[in-house]
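Protein chains in written order, with the working numbering: chain A, 197 to 890; chain B, 4 to 328; chain C, 278 to 601.
All residues carry an ideal CB built from backbone N, CA and C; glycine is no exception.
None of the values given here were measured: they were computed from a predicted structure.
The structure appears right after this line, and notes come after that.
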Amino acid sequence: MSDEVGKPYPRADARAKVTGQARYSYEWPVAGVAYGVLVTSGVARGRITAVDAGAAEREPGVIAVLSPSTAMKLPGDPNPADGGDRVVQVLQDDRVLYSNQPVAVAIADTFERALHAAALVRVRVEPAPFTVRIEDELHAAFRYDPRGQPADLLRGDVEAALRRAEHKLEAEYETPPEIHSPLEPHATLAVWSGDRLTIYDATQGIFGVRKKLAGAFAVPPGNVRVITKFVGGGFGCKGSPWSHVLIAALAAKQLGRPVKIALTRPQMFGMVGGRSLTHQKITAAATSEGRLTALRHESTSTTSRFDDFLEPAALVSRHQYKCDNLETKHRLVRLDIGTPTYMRAPGESSGSFALESAIDELAHELGVDPIDFRLNNYADVDPADGKPFSSKSLRRCYELGAERFGWQKRTRRPELVARAGKLVGTGMATASYPANFTRATALARMNPDGTVLVQSGAVDIGTGTYTVMAQVAAEALGVPYQSVKFDLGDTEMPEAPRSGGSTTAASVASAVEAACRALRQKLSGLSGPPDAPIEARGEAAPSEERKKYALHSFGAQFAEVEVDPELGMVRVMRMVGAFAAGRILNARLARSQFIGGMVWGIGMALHEHAVYDQKLGRIMTRDLADYHVPAHKDVVAIDPIFIAVEKDEVVDPAGVKGIGEIGITGAAAAIANAVFNATGKRVRSLPITPDKLL
Amino acid sequence: MRLFTFQRAANLEQAVSAPPQAAFLAGGTNLVDLMKIEVLNPALVVDLSPLQLRQIEVRDGALQIGALASNTAVAEHPEVRRRAPGLSEALLSGASPQLRNAATVGGNLLQRTRCAYYRDLATRCNKREPGSGCDALDGWTRMHAILGTSDQCIASHPSDMCVALYALDATVRVRGPDGERELAVSDLHLLPGAHPEREFSLRPGELITAVRIPPGDLSARSRYVKVRDRQSYAFALASCAAAVQTEGGVIRLARFALGGVGTKPWRVPEAERSLQGERATRETFERAAEIALRGAKPRRDNTFKVELAKRTAVRALMLSAGAPS
Amino acid sequence: MTATNSGCTAGAGVLPSAPMDLPRGPCLLAFCAAPPRFEEAFRAELRGLGAPLLALTPSTGTLFGADDEPRTVGPQPELWRLHGAGGAALTVVLLDEKHRVRLRREAPEAEGTLLAAIRSAGRAVRSAPRGMGRRELLVNSLAVALGAAVLQACAASRPIAGQQESGAAPVLLDVTLVVNGQRRALRVEPRVVLLDALRENLGLTGAKKGCDMGQCGACTVLVDGQRVNSCLKLVAQLDGASVTTIEGLARGDELHPMQQAFIQRDALQCGYCTPGQILSAVALLREGKPGDDDEIRERMSGNLCRCGAYPNILAAIKDVAGSV
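So this is what it looks like as structure tokens:
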């Protein structure tokens with residue numbers, strides 16, 4: 197073994213990115229490509245009664261305007277019942293289901309012409325009643341099972357424990373609707389050749405796109421090739437094929453030429469998912485020594501009228517702390533909005549805000565140090581079902597993080613510390629994220645010149661897949677890293693899961709190791725490289741053994757904030773995150789992933805809020821000036837540390853846990869807890885904007 | 004963006020005799036943005052960049068700034084920093100370096116509101132289409148104005164530079180078909196009233212050629228404070244440009260203008276007068292801020308702006324006065 | 278830069294009008310290639326307008342006063358020469374009350390255009406509140422209405438897409454940019470911005486479109502050495518300008534120190550904001566050496582990074598700044 201895993205090699209695709217050579221989906225040079233721009237609805241609900249495309253079609257260079265009345269009927273089903281992917285609207289009927297829904301597409305020979313043509317299309321909608329207010333539909337809230345687990349879980353007797361409680365907390369927490377807002381807008385370039393379709397798509401899951409398109413156009417999956425070499429950020433919103441993907445393919449087929457569509461930035465708000473708002477309630481009881489005796493975590497989130505997606509915020513309470521009387525509930529409410537979707541740590545980020553704030557509130561009330569409180573309630577086995585953890589190093593994380601941060605044990609009075617006119621506060625929280633693993637396959641090929649090519653149909657969304665898989669393969673084959681190239685992003689390669697749920701590293705690394713083991717077998721008789729390329733495939737799938745364990749990554753988040761006491765502005769001055777997430781494949785790239793998650797925590801805590809105009813049913817924060825994500829000045833010192841190898845032989849063959857999402861979990865709570873420590877003000881509704889601290 | 008005819012103005016005379024429906028293009032950071040989303044749709048765009056209007060100089064103690072001087076050039080000019088630091092601070096707090104490099108003083112003076120309804124063709128807006136209605140009134144109003152509003156329009160003025168220019172008593176020189184004239188910067192911007200579509204007091208064909216900041220020591224004391232939802236690259240929730248001159252702890256002269264809260268930058272002479280002769284203390288400034296916010300009409304989402312604007316004004320006044328906090 | 282076009286031209290005339298024969302106050306001159314009929318409806322509209330119309334053909338001239346009956350004034354060849362009329366079916370010139378030219382337009386059709394314009398202007402004048410400068414309002418209304426009517430006429434005469442005829446092609450501008458040291462010639466509509474010209478016309482996809490409205494900085498390039506958002510720069514304004522994109526930073530295989538630093542510090546993840554970040558950082562250091570970390574953060578805040586690579590970007594910039 198050559199010990200390549202863990203080494204901090206620079207990103208393999210960095211050179212392509214810093215020179216502008218990396219090609220994103222809209223940028224593939226395809227001859228004769230036409231430009232499509234979507235037309236979206238300004239009405240939240242209703243039926244399209246007329247589409248007046250005359251003015252648009254008369255504009256120079258406009259090829260066509262496709263709408264429900266002029267778009268071809270798809271030969272297959274774009275929304276099959278067993279689909280498993282999001283329900284899309286692809287110009288097949290006259291229904292308008294949410295504001296900013298695509299209702300037509302203008303195609304022209306230049307982008308400017310298509311953009312203007314789209315603006316000229318007049319779509320008349322007969323409006324129907326709608327609501328985007330959760331309060332209006334709470335009466336119709338229903339149970340929804342998160343991730344195959346039951347919606348509700350009850351262990352012990354929470355009510356009795358609450359009645360007996362020495363100390364009780366009952367608090368409501370709210371997280372707002374959020375929008376992923378990657379820098380690269382969704383983009384699709386569709387090219388037909390007979391009944392074969394090639395799609396360049398900004399997606400996190402090329403096989404999901406292939407399946408969706410093959411179904412919609414009634415062609416065998418083998419007829420659809422999806423190519424995604426680089427994606428400008430995903431975070432979950434590119435994990436499912438949305439309407440524009442099918443619309444691009446439809447337009448290309450109908451017009452007989454390649455078509456590419458990129459969403460405008462305002463079009464990114466509503467039709468490509470987001471994080472649902474959550475209304476959460478934590479009811480907890482503790483002894484005076486700080487031991488939890490009851491914990492109830494209820495969460496309500498919202499979804500569209502036509503597709504169910506739950507933000508599983510209460511799940512985190514099932515795994516986080518030891519408590520004999522534990523209850524969690526998930527409820528879903530349908531509104532006239534676009535369907536939400538996975539957004540960086542879906543459930544764990546929103547839920548950890550509530551849970552970790554509540555724990556902090558309890559600890560404060562009892563005068564117990566926040567870390568001590570958490571240690572008092574450390575779960576050695578999974579609280580939900582008693583399963584042992586496949587690995588858990590949370591105690592070490594608390595220890596390492598506290599030391600790095602300079603956290604002194606304290607029963608800290610708020611408003612104690614000031615610096616140059618600003619109040620200073622510190623806070624901490626637990627981070628956790630499930631270690632997911634999905635079936636994946638890979639191929640490894642040794643060439644006569646000794647170089648190795650390894651392939652899997654995964655996607656690198658900035659996570660470093662190109663790099664770390666080459667390291668995994670090098671180590672598995674016993675060859676130098678420099679001789680290995682890892683390629684991805686093509687459905688002609690072996691199938692891999694979508695890049696979501698922090699799954700890729702774990703799943704693909706395991707498949708790569710399997711392929712390399714198989715290749716080693718084939719090469720075992722040879723003394724040097726083969727005369728002709730020799731390849732082998734490998735597959736990895738979750739073992740039965742996994743089901744006996746609770747599988748999570750853990751961490752400890754620390755934050756220091758400065759608050760202007762008069763004007764209410766908050767600045768996160770430094771953060772430390774101490775993480776234990778299995779075997780770290782590349783220290784340099786892992787550090788970047790953790791930082792990325794923690795920066796998302798700043799955005800979640802202080803900035804992000806997609807606001808709906810309730811009368812119009814429309815998101816009004818529809819660009820990057822109104823929907824704030826952290827800018828450079830918002831991010832000062834972010835310091836992640838991590839255990840290089842947390843041994844885990846159960847989680848997957850590679851011992852990898854995935855780190856793309858754990859960085860955000862607990863981060864917002866750590867910041868909110870720090871704000872409380874600085875000001876004495878407990879903010880339970882994100883984001884913490886100046887008006888909330890006046 | 005609609006098709007339009009593009010012309011370059013070879014000189015000021017040509018620019019000034021452009022037809023009234025021509026739009027003047029300087030840096031493009033506002034006009035091109037609004038043309039792309041089809042909020043503004045001029046049939047003729049006249050490029051002013053060939054004009055020689057970029058000078059930044061001092062004449063008889065007054066700062067003379069050409070209308071085409073870039074935001075960056077003005078903010079970083081040593082004379083501006085010396086004589087009107089609040090103007091420099093205001094400019095640097097706005098937008099981003101890229102935008103400031105392209106944006107001009109004239110363009111900044113004439114920039115349109117950032118109201119999300121104005122910028123969304125799917126909603127009703129009296130400024131875009133007179134008489135069509137205003138969906139902002141009972142919509143998302145966090146960023147909207149609490150002063151100078153009408154039942155037709157509550158859009159706030161987004162500029163930082165203008166707030167400072169108001170507080171500095173700047174004047175704007177304008178050239179038109181009828182010749183040249185000078186007006187107070189506060190007379191340039193119109194209140195929405197019954198006609199939100201009328202935003203400027205400029206006559207057809209008139210072009211801003213320069214901005215003048217009158218001489219005086221007060222300007223050298225100017226400061227700018229901005230409160231926003233993000234540390235940078237964000238519009239103001241509330242802001243204030245203030246200039247206070249004291250002698251022996253007593254205020255001799257003071258001026259301050261509020262930003263982010265008015266349909267135009269907001270100066271209240273009565274509030275300024277209330278400071279004269281008073282001791283430069285927090286209480287004095289709080290009283291003046293109270294007066295300045297009189298008549299504020301907040302909406303559902305921006306009630307906080309009343310208190311925030313007061314505190315921002317106090318902060319800026321304290322900073323300018325150099326008073327201990 | 279030259280304008281290649283046909284069909285509709287528009288010019289801001291600076292010629293003084295000839296003083297003889299023209300009634301005082303604002304008036305409209307219409308040079309028609311063929312004699313218009315000017316039915317009663319037309320004259321009714323004119324009466325309500327409050328400004329006279331001098332309708333000229335090569336051989337006749339008729340003055341429609343505000344209130345009088347029309348009277349013949351004979352051809353006015355000097356006026357034709359003065360206003361450069363004769364190149365289109367209709368040349369209309371609007372004079373303000375000092376008889377300075379406020380508008381000059383050419384249109385492919387005379388009667389309908391004039392009628393539409395006068396109708397529209399009349400409406401505006403009649404619905405204006407009292408107390409507005411009447412003459413000024415009149416001139417403005419006419420100018421706007423004429424402009425619109427003429428554009429309408431031009432648009433109506435444009436052939437349908439797919440049947441392009443040379444007579445009514447959209448105006449294209451010839452612009453030359455010096456991109457990464459190379460002269461590149463573009464022939465584009467005036468509405469094309471630098472970002473799209475680079476990505477779609479010149480195949481330089483290094484500059485990225487993140488928001489297309491100056492709110493993210495992904496499109497940052499250097500124009501004449503200054504960092505700007507290329508999504509808000511009309512190419513028409515940039516004739517002769519020098520543009521530096523990410524593709525122009527490296528020297529062959531040798532990376533620019535900032536590119537090198539970004540790789541070493543892993544100052545990127547998905548890479549989409551990266552070209553803009555690098556060019557912005559290069560420009561930042563040229564603008565002036567930063568005093569401290571916070572100054573770098575502030576001066577880089579015009580480049581958003583959703584992946585959150587900010588701390589590493591800062592480190593990369595400091596590496597380069599320190600080594601200068």
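- Of the candidates C:Asp543, C:Leu591, C:Glu575, the residue whose Cα lies closest to the Cα of lysine 213 (chain A) is C:Asp543.
- Across the set A:Tyr231, A:Ala240, A:Pro225, A:Val229, the C-alpha of A:Ala240 shows the shortest separation from the C-alpha of glutamine 810 (chain A).
- Taking C-beta separations shorter than 8 Å and ignoring five residues to either side along the sequence, the partners of tryptophan 603 (chain A) in its chain run Ile567, Gly597, Thr622, Met624, Phe754, following chain order.
- For serine 545 (chain A), the enclosing alpha helix (DSSP H) starts and ends at 544-562.
- If you check the CB distance, alanine 490 (chain A) and leucine 365 (chain A) do not come in under 7 Å.
- The continuous stretches of alpha helix (DSSP H) do not include phenylalanine 413 (chain A), and DSSP gives it neither H nor E.
- The beta carbons of proline 268 (chain B) and tyrosine 120 (chain B) sit no closer together than 7 Å.
- Under the three-state reduction of DSSP, methionine 577 (chain C) is assigned to coil, being neither helix nor strand.
- For the pair alanine 25 (chain B) and alanine 246 (chain A), the Cα-to-Cα distance works out to about 34 Å.
- Judged by DSSP in its simplified three-state form, methionine 624 (chain A) adopts strand.
- Excluding five sequence positions before and after alanine 669 (chain A), the CB atoms of its chain that fall closer than 7 Å to its own CB belong to Ala640, Val648, Val650, Val680, Phe682, Val708, Cys712, given in chain order.
- Nearest CB-CB separation between threonine 498 (chain A) and chain B: not below the 7 Å threshold.
- The segment 855-871 of chain A and the segment 782-793 of chain A touch, with three or more beta-carbon pairs separated by less than 8 Å.
- Three or more Cβ pairs closer than 8 Å define a contact, and the segment 350-359 of chain A meets that threshold against the segment 509-528 of chain A.
- For glutamine 789 (chain A), the enclosing alpha helix (DSSP H) begins and ends at 783-798.
- According to the DSSP assignment, phenylalanine 539 (chain C) belongs to the alpha helix (DSSP H) that extends over 534-541.
- Leucine 37 (chain B) and leucine 43 (chain B) have their alpha carbons spaced roughly 5 Å apart.
- Distance from the CA of aspartate 571 (chain C) to the CA of lysine 829 (chain A), rounded to the nearest whole angstrom, comes to 7 Å.
- With a cutoff of 7 Å on beta-carbon distance, glycine 219 (chain B) and serine 242 (chain B) are scored as not near each other.
- When C-alpha distances from leucine 528 (chain A) are compared across A:Gly543, A:Thr499, A:Ser553, the shortest belongs to A:Thr499.
- By the Cβ test, the segment 546-556 of chain C is in contact with the segment 421-437 of chain A, since at least three Cβ pairs between them sit closer than 8 Å.
- Note on the segment 230-278 of chain A: whole alpha helix (DSSP H) runs with a minimum of 4 residues are 250-254, in chain order.
- In the DSSP assignment, lysine 681 (chain A) is bridged to A:Leu649.
- DSSP lists B:Lys229, B:Gly262 as the beta-bridge partner residues of serine 242 (chain B).
- The Cβ atoms of valine 214 (chain B) and isoleucine 68 (chain B) lie closer than 7 Å to each other.
- By the 16-neighbour rule on beta-carbons within 10 angstroms, asparagine 572 (chain A) is buried.
- Fewer than three Cβ pairs drawn from the segment 181-196 of chain B and the segment 224-235 of chain B lie within less than 8 Å of each other, which leaves the two stretches out of contact.
- Within the segment 792-852 of chain A, the runs of beta strand (DSSP E) that reach at least 3 residues and sit entirely inside it are, in chain order, 833-838.
- In this structure, A:Leu473 is the residue among A:Ser377, A:Glu804, A:Leu473, A:Ala786 with its C-alpha nearest to the C-alpha of glutamate 331 (chain A).
- Around the CB of arginine 115 (chain B), 16 or more other CB atoms lie within 10 Å, so the residue is classed as buried.
- The way I'd put it, the segment 771-778 of chain A does touch the segment 580-599 of chain A; three or more beta-carbon pairs between them come closer than 8 Å.
- Boundaries of the beta strand (DSSP E) around leucine 333 (chain C): 330-333.
- Contact annotation: arginine 406 (chain A) and threonine 687 (chain A) have beta-carbon atoms nearer than 7 Å.
- For the pair of segments examined, the segment 567-587 of chain C was found not to touch the segment 515-533 of chain C: the number of CB pairs separated by less than 8 Å stays below three.
- Just so you know, the alpha carbons of proline 300 (chain C) and arginine 348 (chain C) end up roughly 12 Å apart.
- When DSSP states are grouped into helix, strand and coil, arginine 178 (chain B) belongs to the strand group.
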